[in-house]
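Letter by letter, the sequence shown follows residues 1 to 413 in full-length UniProt numbering.
These notes concern the structure reproduced below.
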Amino acid sequence: MIIFIIASVQSLDVQLINLQQVYYSVPITANNFTYNLIVDTGSDTLWIFGRQNDRRKYYECNNCQAIMHKRLDYGLGSIQGTQFTQLFEFGNQSLNLSVVEVERVQDLESLIADGIIGLSKQYPDSDANLIDLLYNHTIIDAKQFGLLLSDQICSANSLLTLGKPNTSNYVGQLQYVNTTKSDLWNVYANSVLISNGSHQQMLESNKQLILFDSGTSKIMLSTRKFHSLHNIFNDDYNLHCEQVKHNYFHELVCHYTTQFPHLILNINSQLNLTLLPQDYISYCGYNYFLQYRCYLNFQNLDNDDEIILGVVFLQKYYTHYDLEAKQVGIAQSIYYNRDKLSVSELGNQYNYNMLYLSFMSIPILVMMIILSMNIIRMKQNSDEMAQSSEGGRQQRGQEQEMEPITFSVQSAR
1 MIIFIIASVQ
11 SLDVQLINLQ
21 QVYYSVPITA
31 NNFTYNLIVD
41 TGSDTLWIFG
51 RQNDRRKYYE
61 CNNCQAIMHK
71 RLDYGLGSIQ
81 GTQFTQLFEF
91 GNQSLNLSVV
101 EVERVQDLES
111 LIADGIIGLS
121 KQYPDSDANL
131 IDLLYNHTII
141 DAKQFGLLLS
151 DQICSANSLL
161 TLGKPNTSNY
171 VGQLQYVNTT
181 KSDLWNVYAN
191 SVLISNGSHQ
201 QMLESNKQLI
211 LFDSGTSKIM
221 LSTRKFHSLH
231 NIFNDDYNLH
241 CEQVKHNYFH
251 ELVCHYTTQF
261 PHLILNINSQ
271 LNLTLLPQDY
281 ISYCGYNYFL
291 QYRCYLNFQN
301 LDNDDEIILG
311 VVFLQKYYTH
321 YDLEAKQVGI
331 AQSIYYNRDK
341 LSVSELGNQY
351 NYNMLYLSFM
361 SIPILVMMII
371 LSMNIIRMKQ
381 NSDEMAQSSE
391 GGRQQRGQEQ
401 EMEPITFSVQ
411 SAR
């Protein structure tokens with residue numbers, strides 16, 4: 001009897017770390033060093049900070065043959081370095097991957113990871129990219145990957161699924177959308193609505209280009225659309241929002257209310273992607289002036305008319321990326337529960353900390369005022385004493401000048 005043993009090829013799950021609700025990183029090892037790299041669906045390159053960047057952990061290719069010099073420009077900042085092929089350990093697998101050893105950085109020095117691993121739709125022909133290698137080595141069952149992102153900071157329960165989707169990662173069925181012809185994970189939406197149920201406004205009534213980008217933390221709008229959203233929030237929903245500059249971008253800060261509207265991306269007749277206020281509000285809390293404000297996860301970006309859906313969106317929706325079919329599958333994440341929170345519950349710990357700091361600052365401020373007044377009073381007293389002493393000296397001098405001179409005459413005997 002002949003027995004055939006068929007090896008089963010399945011998907012591969014790799015744990016991701018939530019880095020302060022900004023990025024998600026994956027571990028990868030080379031030369032006995034483990035690097036934490038940001039998973040970036042908006043990039044096509046794997047790069048790691050090199051020795052020249054004065055970081056605690058850096059990458060240096062040993063006994064490698066340089067392929068080319070490479071420069072990458074991002075929405076904010078750029079990197080330059082030399083590209084090599086290096087043997088990496090990834091998910092218990094050994095793979096020769098193309099990597100850029102970064103020599104020069106502009107505006108990305110504060111990145112809280114060791115580099116980036118790009119998972120865009122298309123790769124340069126010269127690159128040995130991760131998904132192709134895993135599939136060609138029969139480690140995964142399809143040229144696909146998915147992102148299951150938890151909002152628990154510094155936890156390892158987020159997943160990068162390599163291969164076909166795992167149905168336990170999402171609710172219901174994946175709705176697949178065809179991507180555009182670009183190298184990135186772009187799709188078109190039919191329209192973008194702002195609605196509270198009884199009233200709605202069009203943010204965009206024509207085709208809207210959308211990018212799924214795990215390398216971006218918030219929802220980014222073109223400057224024109226950002227201003228339009230600001231005006232709709234104020235004119236139609238009376239939210240009293242202000243544009244506040246944070247780092248290089250403008251963000252929206254609004255008065256607290258329970259009447260924030262929904263943001264609805266109408267992809268097609270079968271798929272609406274809805275962001276509730278709990279999804280796009282980062283937190284509501286007291287500022288240093290004890291004013292209660294809500295801080296929104298919208299930022300402006302000077303780019304083409306594109307909406308970039310970053311981590312804020314990807315925490316609500318599980319997304320699955322098919323490199324061969326060139327489609328993105330979308331379904332609600334199993335981790336999503338922000339709809340069970342009220343707007344006032346967003347950022348409670350931040351509120352308590354801010355209140356504590358504000359109240360603690362009151363006695364400190366009073367003590368500083370008292371101390372300042374005492375110093376001023378002491379200086380005044382010192383000045384008065386100095387003036388009094390100077391006046392006394394002047395008066396004694398005058399008395400000495402006016403004192404009569406007496407001559408004593410002795411008679412000679």
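We put the beta carbon where it would ideally sit given N, CA and C, even for glycine.
Taken atom to atom, the span from the alpha-carbon of Phe313 to that of Asn136 is near 32 Å. Listed in chain order, the non-local C-beta contacts of Thr180 below 6 Å within the same chain comprise Asn186, local neighbours out to five positions each way being set aside. An exposed status is given to His240, since fewer than 16 other beta-carbon atoms sit within 10 Å of its beta-carbon. Of the residues Ala30, Ile219 and Gly42, the one whose Cα lies closest to the Cα of Phe84 is Ala30. Within the same chain, Cβ atoms closer than 8 Å to the Cβ of Arg224 are found at Asp305, the five residues on either side in sequence being excluded. Residue range Thr223 to Asp235 is occupied by the alpha helix (DSSP H) that includes Leu229. DSSP places Asp132 inside the alpha helix (DSSP H), whose first and last residues are Leu130 to Asn136. By a beta-carbon distance limit of 8 Å, Ser11 contacts Ile140. Their separation comes to about 6 Å. Within its own chain, the residues whose Cβ lies closer than 6 Å to the Cβ of Gln299, once the five positions on either side in sequence are excluded, are Lys218, Met220, Phe249 and Glu251, listed in chain order. About 13 Å separates the Cβ atoms of Leu276 and Leu265, ruling out a contact at the 8 Å cut-off.
If the five residues before and after Arg104 are omitted, its C-beta is found closer than 8 Å to the C-beta atoms of Gln52, Ile79, Gln80 and Gly81, all from its own chain and listed in chain order. In this structure, Leu119 lies near Tyr321, with their beta-carbon atoms less than 9 Å apart. Within a 10 Å sphere around the beta-carbon of Val328 sit 16 or more other beta-carbons, which makes this residue buried. The beta-carbon separation of Leu346 and Cys254, rounded to 13 Å, does not stay under the 8 Å limit for a contact. Residue burial annotation: Glu204 is buried, with at least 16 other C-beta atoms found within 10 angstroms of its C-beta. Cβ-Cβ distances below 8 Å link Gln65 to Phe84 and Thr85 in the same chain, with the five nearest sequence neighbours on each side left out; the list follows chain order. With respect to the C-alpha of Ile267, the residue from Tyr237, Leu209 and Thr319 having the closest C-alpha is Leu209. Within the same chain, Gln315 come within 6 Å of Asp151 by CB-CB distance, once the 5 residues on both sides are set aside. Our two residues, Glu109 and Tyr74, have alpha carbons roughly 13 Å apart in a direct line.
For Tyr335, no alpha helix (DSSP H) encloses it, and the DSSP letter there is neither H nor E.
The beta carbon of Gln21 sits closer than 8 Å to the beta carbons of Asp151, Ile153, Ser217 and Val311 from its chain, once the five residues preceding and following it are set aside; these are given in chain order.
The residue among Lys326, Asp183, Leu19 and Lys379 with its C-alpha nearest the C-alpha of Ser158 is Leu19. Asp279: member of the alpha helix (DSSP H) spanning Pro277 to Tyr280, first to last residue. The residues Tyr295 and Asn297, in chain order, have a CB closer than 6 Å to that of Ser282 in the same chain once the five nearest residues on each side in sequence are set aside.
In this structure, the straight-line span from the alpha carbon of Tyr24 to that of Asn231 is close to 33 Å. When the five nearest sequence neighbours on each side are left out, the beta carbons in the same chain lying within less than 7 Å of the beta carbon of Pro261 are those of Ile194, Ser195, Asn196 and Tyr237, in order along the chain. Beta-bridge pairing by DSSP links Cys254 to Cys294. With contacts defined by Cβ atoms closer than 9 Å, Ser98 and Asn63 do not form a contacting pair.
In the three-state reduction of the DSSP assignment, Arg104 falls in the strand class. DSSP places Glu60 in the coil class of the three-state scheme, outside both helix and strand. Inclusion of Lys164 and Tyr188 in the CB contact set at 9 Å is not warranted, their separation being larger than that value. With a contact defined as Cβ atoms closer than 8 Å, Ser214 and Val39 qualify at about 5 Å. Per DSSP, the unbroken alpha helix (DSSP H) holding Leu314 starts and ends at Val311 to Leu314.
With respect to the 9 Å criterion, Trp47 and Gly115 are classified as neighbours on the basis of their beta carbons.
The continuous beta strand (DSSP E) containing Val177 extends over residues Tyr170 to Asn178.
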